[in-house]
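Residue -2 is where the sequence shown starts when you use this note's numbering, and the numbers rise one by one after that. Think of the CB as a built atom: it goes at the ideal place given N, C-alpha and C, for glycine as much as any other residue.
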Amino acid sequence: MDILLERKSVRKYTDEDVKKEDLDYILHAAMSAPTARNTRCCFFIVIKDKETHKKIASLHRAAQMILQAPLAILVVGDQNAAFERYLPQDCAAATQNILLAATARGYGSVWCGVYSNEERSKALEKLFNLPENIKAFSLVVIGKSADNNPPKNAWKPEKIKYEVWK
Ligand SMILES: Cc1cc2nc3c(=O)[nH]c(=O)nc-3n(C[C@H](O)[C@H](O)[C@H](O)COP(=O)(O)O)c2cc1C
C-alpha cells in the first residue's frame, strides 16, 4: 500500500483496539518528525479513557468520532523548548507522521484541529492539566477503519508551477 496516497480521514471505527506495538510505532514516528533546530519540543498524550473521550467530545464539536474510537493522541508542544515561533510547524509535522504511521499499520485516523482555536485549546489545556508552557496543538483519533470510501484523489497538475508562478 502506498501510505502517502492511501491516507484519508477516517471517522468511523470498528471495536478493535490499537495494539501496543502499533501504538509504540506510531509514537516513534511522531517523535521522528523534524523540528526546527532539532528541539524535539512535542509531547504526546495517549487517551484511552472513555470518560475523557466524552469530555473531549463535549468541548470539540468536530471531534464526535472520538466517542466510538479506541484511542486518541493529543499532540502538545513545549513553548519554552521550541525554537522561535516554530512550535505549530513542529507539532504539525509530528501530527502528520502520526496519521501516516497509523495508515502504515492498518488503522484509520483523523486530525482534529485544536491550534489555533483559542477556546478549544484553552479548554483542552485545562482538561489535561497542562503546565503554562505546554500548548495543545492537535488531537488525532485512531482506530480500525469502518469506512470503505476510497481516499480523495488530490492530484491536480494545475497546482504545480515550474520555476515561477506564471
Ligand atoms: C489543521 C486541520 C484540522 C482539522 N480538523 C478536523 C476536525 O476538527 N474534525 C474532522 O473531522 N476533521 C478535521 N480535519 C480533517 C480534514 O477535514 C481532512 O483532512 C480534509 O477534509 C481532507 O480529507 P482527507 O484527510 O480524507 O484527505 C482537519 C485537518 C487539518 C489539516
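Using only alpha-carbon positions, find the residue among 132, 22, 2 and 26 that is nearest to residue 83.
-> Out of 132, 22, 2 and 26, 132 has the C-alpha closest to the C-alpha of residue 83.
Please find out if some non-hydrogen atom of ligand 1 comes closer than 8 Å to the beta-carbon of residue 248.
-> Past the edges of the chain, shown from -2 to 163, lies residue 248, and the structure says nothing about it.
Just the C-alpha distance for residue 70 and residue 151, rounded to the nearest angstrom, thanks.
-> If you take the alpha carbons of residue 70 and residue 151, they lie about 26 Å apart.
Helix or strand or just coil, what does DSSP make of residue 135?
-> Strand.
Heavy atom of ligand 1 within 8 Å of residue 152 beta-carbon | Residue 152: no, Cβ never under 8 Å from ligand 1.
CB-CB under 7 Å to residue 111, same chain, minus the five flanking residues each way: which ones, in chain order?
-> Excluding sequence neighbours, residue 111 sits near 117, 118, 121, 133, 134, 135 and 136.
Helix, strand or coil at residue 142 according to DSSP, with G and I counted as helix = Strand.
Touch test, the segment 18 to 26 against the segment 92 to 111, Cβ-Cβ under 8 Å, three pairs minimum | With the cut-off at 8 Å, the segment 18 to 26 and the segment 92 to 111 touch.
Is DSSP giving residue 99 helix, strand or coil here?
-> Residue state for residue 99 is assigned as helix, using DSSP reduced to three classes.
Compute the minimum distance between the beta carbon of residue 142 and the heavy atoms of ligand 1, and state whether it is under 8 Å.
-> Relative to ligand 1, residue 142 has its C-beta separated by 8 Å or more from all heavy atoms.
List the endpoints of the continuous alpha helix (DSSP H) containing residue 21.
-> Run containing residue 21: 17 to 28, per the alpha helix (DSSP H) assignment.
Tell me whether residue 157 is buried or exposed, calling it buried when 16 or more other Cβ atoms sit within 10 Å of its Cβ.
-> So residue 157 ends up on the exposed side.
What residue does the alpha helix (DSSP H) around residue 71 start on, and which one ends it?
-> First-last for residue 71: 68 to 75, but that is the beta strand (DSSP E), not the alpha helix (DSSP H).
Might you give, ordered along the chain, the residues of its own chain that have their beta carbon closer than 6 Å to the beta carbon of residue 12, omitting 5 neighbours on each side?
-> Within its own chain, no residue has a Cβ closer than 6 Å to the Cβ of residue 12 once the five positions on either side in sequence are excluded.
Is it true that the CB of residue 49 sits closer than 9 Å to the CB of residue 78?
-> The beta carbons of residue 78 and residue 49 sit no closer together than 9 Å.
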